[in-house]
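Before any comments, here is the structure.
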Amino acid sequence: GEVRTTTTSPAGTYRFPALQVVGSYTLEVTPKGFKSVKVQNIIATVGTVITRDVKLEIGANTEQITVAAGAQQVQTEDSALSQNVDHNVWTNMPLENRNSNEFIGLLPGAEPAAQANLSTDRGPAVNGTRSGGGNFMVEGFDNNDQGLGGGGTLGSGSGGSNTSISPDAIEEYRVIEHIPSAEYGKAGGFVTDTVLKGGTNQWHGSLFEYNRIQALAANSWFSNAAGQQDHLIRNQFGGSIGGPIVKDKTFFYFTVESHRLRTANPLKGTTMTSDFVNFVKSGQFETFMETDPAGICVQNLGGPCPGYFAADATTGPIYNKMAAANPLPLCTLGQANCDPSTFSYTSQNVWSGQAYGAPITYPVPLFASITVPQSAPLNQMRYSTKFDQKIGSKDQLNVAFLYDNADTTVAFAGGDGVIGPSLPNHGRAQNIGLTWTHTFSPTVLNQARVDYVRHTGNFPGDSAVAGFPSALTFWDSSQLDYGNASNLPQFFTENEFIYKDDLSITKGKHNFKTGAEYRRTRNGSSFDAYKNSLQYISGVEDIVTDATFTNLVDQKYFGYIYFGSTTYAAASLNPTTGTLPAYYRGYRAN
774 GEVRTTTTSP AGTYRFPALQ VVGSYTLEVT PKGFKSVKVQ NIIATVGTVI TRDVKLEIGA
834 NTEQITVAAG AQQVQTEDSA LSQNVDHNVW TNMPLENRNS NEFIGLLPGA EPAAQANLST
894 DRGPAVNGTR SGGGNFMVEG FDNNDQGLGG GGTLGSGSGG SNTSISPDAI EEYRVIEHIP
954 SAEYGKAGGF VTDTVLKGGT NQWHGSLFEY NRIQALAANS WFSNAAGQQD HLIRNQFGGS
1014 IGGPIVKDKT FFYFTVESHR LRTANPLKGT TMTSDFVNFV KSGQFETFME TDPAGICVQN
1074 LGGPCPGYFA ADATTGPIYN KMAAANPLPL CTLGQANCDP STFSYTSQNV WSGQAYGAPI
1134 TYPVPLFASI TVPQSAPLNQ MRYSTKFDQK IGSKDQLNVA FLYDNADTTV AFAGGDGVIG
1194 PSLPNHGRAQ NIGLTWTHTF SPTVLNQARV DYVRHTGNFP GDSAVAGFPS ALTFWDSSQL
1254 DYGNASNLPQ FFTENEFIYK DDLSITKGKH NFKTGAEYRR TRNGSSFDAY KNSLQYISGV
1314 EDIVTDATFT NLVDQKYFGY IYFGSTTYAA ASLNPTTGTL PAYYRGYRAN
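Under this note's numbering, think of the first position of the sequence shown as 774, with each following residue one higher.
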C-alpha cells in the first residue's frame, strides 16, 4: 500500500528518495495534454539509484500506456561499484553456518581473513584492504563491533558484523566494494548494506530444520590417522512470520534461529602417567628415593637417607585438590589411547635428569603421549524483528532489532599448556535502530536515525578451578596445566550510541543529499592477567608433592635452596598497596 507522489521540475526530472525495498513498484505519470503512462515491475534494490525515463505521447489524459520496466544495465548516478548478492544464495543454496558474513566471499576480489594470513578475523580482505577495513550495516544502522573481531565469531562462522543475521530474515544483501558514498562513513574497504524482510498486507512465514549426522558423513584424514572417529553433529532450526498488524499501516516480521553444534577433534599431548601418581601416593616414591640403589640419595647424595623425604610420603593436599577439581587425562600402561612407544621411565627434573648426577630411572613410567577427543559444543540463538508504521501521508517509523547469543566450551583449551581445564566463552551481540522518515514537500525528504549497538564477550575461565594458579612443569615434557590460563579471566563490553540525520533535496535537474552523524562509544574491559599467578614447577615430582621434592634435594646437597621446586613464578600486584591491581579499563570516545 505504499504510495509516494511528486511533481517533476520544469526540465522533467523527478526523484523518490529512500524508497523501501519491498517487492516491486509501479510508476504512474499523468501530465496534462499527454497520455498517462504506467511503468510496472520496477525493482528497487538496496544502495542503488534507479533511473526510469518515461516517453510521453500527446493525447488525452484518460488514455493510458502500460509498459514493463526492463533491467537497468549501467549505473550512471553513483560512482561506487557494488554487487547485490542473489537471494538464491540464502534461499536455495546449502549454507554450512547460515552466517550472512560469509556472503562477501562470493564477490570478486574478496578473500577470507584466514586465507589472507591475517591474525584477526574481522571479515574478509576485499580488493587489497586489510581485514577490518569494512563497514557492516543493516537497515541503514551500524552493525560493527568495536574491538572483538566481529560478532560472527560468536558462532562457528567467519567474523565481521556485530550480529550475524539469519538468512530467513534477509530481503537484500549488497556489498559496495569501491568508493562508497559519504553517508556510509566509517571505513573505505567495503560496505555491506543489508535490508531485513518486512511485513506486508499478506501473511508470510517459514519453518526449517537442517541436520548434519555423523553416521552419514566420512571420517576425516586426521581422525583416521589417530585411530579415532570424527564427531560432528549440526542442527539448525527455526522459522519466521510476518504480516499486517493494521492493514496498510502497521507491519511486522519476526525470525528466530537456533544453532546446536557438537564437535570433537583428536588432541594429542604429553601427559603424566597414573602409574607414577599411584607410585607417589602409595609411599613407594619416598622409599625409592631414600634407600633404593637407583634412588637419588644412593646415586647422587652419598648414601641412603631414611626418613629424609617424609614430606613426600604421598601426594600433596594441594595436588589432590587440583586433580580432583580438574581431572586431566593421564596415561596408564596398556591404555588404548596412549602411544606405547612413548612411555618414558627416566626423570627430566632439573636435579634428577638435567643438571647433576646420574638420571633417575623409575620402576614405573612418568610420561607418555595421549590422544583425547577435544569437544567444543556450541549453542547459539538469533532473533530479528522489524516493525513498520505509517503515520499519515508524510511520516513513517521503522524499528529493527537484532539479537545474537552464543555459548561455547572447548575442552582442555583453558590453560597455558596443551591439556588444561575447559575454556568457556559467552558472547552476545545486540542492535536496535529507529528511523523516522518525514516528507517536508514533494522535493524535500528527511530521515532521522537513532541506533544502539552492544557486544559482550566474556572468558571467565573454568569455574571448577577458579582461583587456582596456572601450574605447569618447567623442565620436563609434561604438557598438563591444572589451573586456568594466566591471562584469564577476561571480560569485554562494548556500547555505541549513534545519532544520524540525512536530508534529500531535489532542485531543478540536481539532487542533493547531506547529513550529519554523531557517535558515542563506551567500552569497558577487565583483563585479569596473572590475577591467580603463573607457577612453573620444576617437574612432575614437584607437581604431585606440592613443590617440596627439589627443595629437599637442594637442602641435602647444597645446604640451601638453589634450583628450587618452583623454577619461575609470576603474579600481578599493585606495589604501593601489596594488593591486586584494578583490572578494569573504561574507554569513552566521541
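From the three backbone atoms N, C-alpha and C, an ideal C-beta is built for every residue, glycine too.
In this text, all values refer to a predicted model and were calculated from it rather than measured experimentally.
Mind reading off the beta-carbon distance from residue i to residue j? Whole number of angstroms is fine, and I expect it under 8 Å.
i	j	result
THR1046	VAL1137	7 Å
LEU880	GLU950	7 Å
SER1031	PHE1010	6 Å
VAL794	GLN856	Between GLN856 and VAL794 the Cβ distance is about 16 Å, and since that is not below 8 Å, they are no contact.
ALA1258	SER1306	Going by Cβ atoms, the distance from ALA1258 to SER1306 rounds to 12 Å, so no, they are not a contact pair.
THR1212	LYS1159	The Cβ separation is near 21 Å, so there is no contact.
GLY1012	PHE981	7 Å
SER1114	PRO1132	Going by Cβ atoms, the distance from SER1114 to PRO1132 rounds to 20 Å, so no, they are not a contact pair.
GLN987	ASP966	38 Å between Cβ atoms; not a contact.
PHE1082	LEU1353	About 36 Å; that fails the 8 Å criterion.
PRO1100	ILE1143	With 8 Å as the limit, PRO1100 and ILE1143 do not qualify as a contact, their Cβ atoms being about 13 Å apart.
ALA1179	LEU1151	6 Å
GLY972	GLY1016	5 Å
Exposed or buried, which one is residue i when buried takes at least 16 other CB atoms within 10 Å?
i	result
ALA1186	buried
ARG1227	buried
GLN1203	buried
SER873	buried
ILE1018	exposed
ASP1021	exposed
PHE1336	buried
PHE963	buried
SER937	buried
ARG1155	buried
PRO1090	exposed
VAL1145	buried
ASP1319	buried
ASN1122	buried
ARG1293	exposed
TRP994	exposed
LEU1040	buried
TYR1135	buried
Quick check: what's the CA-CA separation for residue i versus residue j?
i	j	result
GLU801	SER809	7 Å
PRO1194	ASP1301	17 Å
ALA1355	ARG895	29 Å
ARG1295	GLY1230	15 Å
THR778	ALA791	13 Å
ASN1073	VAL1050	23 Å
GLY925	THR1036	Only weak support exists for where GLY925 lies, its pLDDT of 45 falling under 50; the value from the coordinates is given anyway. Straight-line Cα distance between these residues: approximately 18 Å.
GLU912	VAL1172	9 Å
GLN1308	ALA1109	32 Å
ALA784	ILE943	38 Å
GLY923	GLY905	Legend: pLDDT at GLY923 = 49, less than 50; position of this residue unreliable, no value from coordinates given.
MET910	ASN870	20 Å
PHE1317	THR1266	It should be noted that the sequence gives Val, not Phe, for residue 1317. Near 39 Å, if we compare the C-alpha coordinates of THR1266 and VAL1317.
ARG788	LYS805	19 Å
THR864	ASP941	8 Å
TRP1209	ALA1096	60 Å
TYR983	ASP859	21 Å
GLY901	ASP915	23 Å
THR803	ILE952	37 Å
ALA1244	LYS1304	13 Å
VAL840	LYS811	6 Å
GLY1165	GLN1220	16 Å
LYS959	GLY820	16 Å
Taking only beta-carbon atoms, is residue i less than 8 Å away from chain B?
i	result
LYS1286	No chain B is part of this structure, which consists of one protein chain only.
What does DSSP give as the partner residues of residue i in its beta bridges?
i	result
LYS1159	TYR1026, ALA1173
GLN1153	HIS1032, ALA1179
VAL964	ASN908, ILE949
GLY1200	ALA1179, GLY1230
HIS1004	ALA1037
GLN1009	TYR983, HIS1032
ALA1141	THR1044
ILE1014	GLY978, PHE1027
GLY1206	ALA1173, ASP1224
VAL1019	THR1023
SER934	ASN917
THR1134	THR1119
THR839	LYS811
PRO1146	PRO1039
### Message
For a minimum of 3 consecutive residues, which ranges assigned as the beta strand (DSSP E) are wholly contained in the segment 1212 to 1276?
### Response
1217 to 1232, 1243 to 1246
### Within the segment 1270 to 1320, ranges of the beta strand (DSSP E) (whole runs, at least 3 residues)
1283 to 1300, 1307 to 1310
#### Entry: Unbroken stretches of the alpha helix (DSSP H), 4 residues or longer, contained in the segment 1314 to 1363
1322 to 1330
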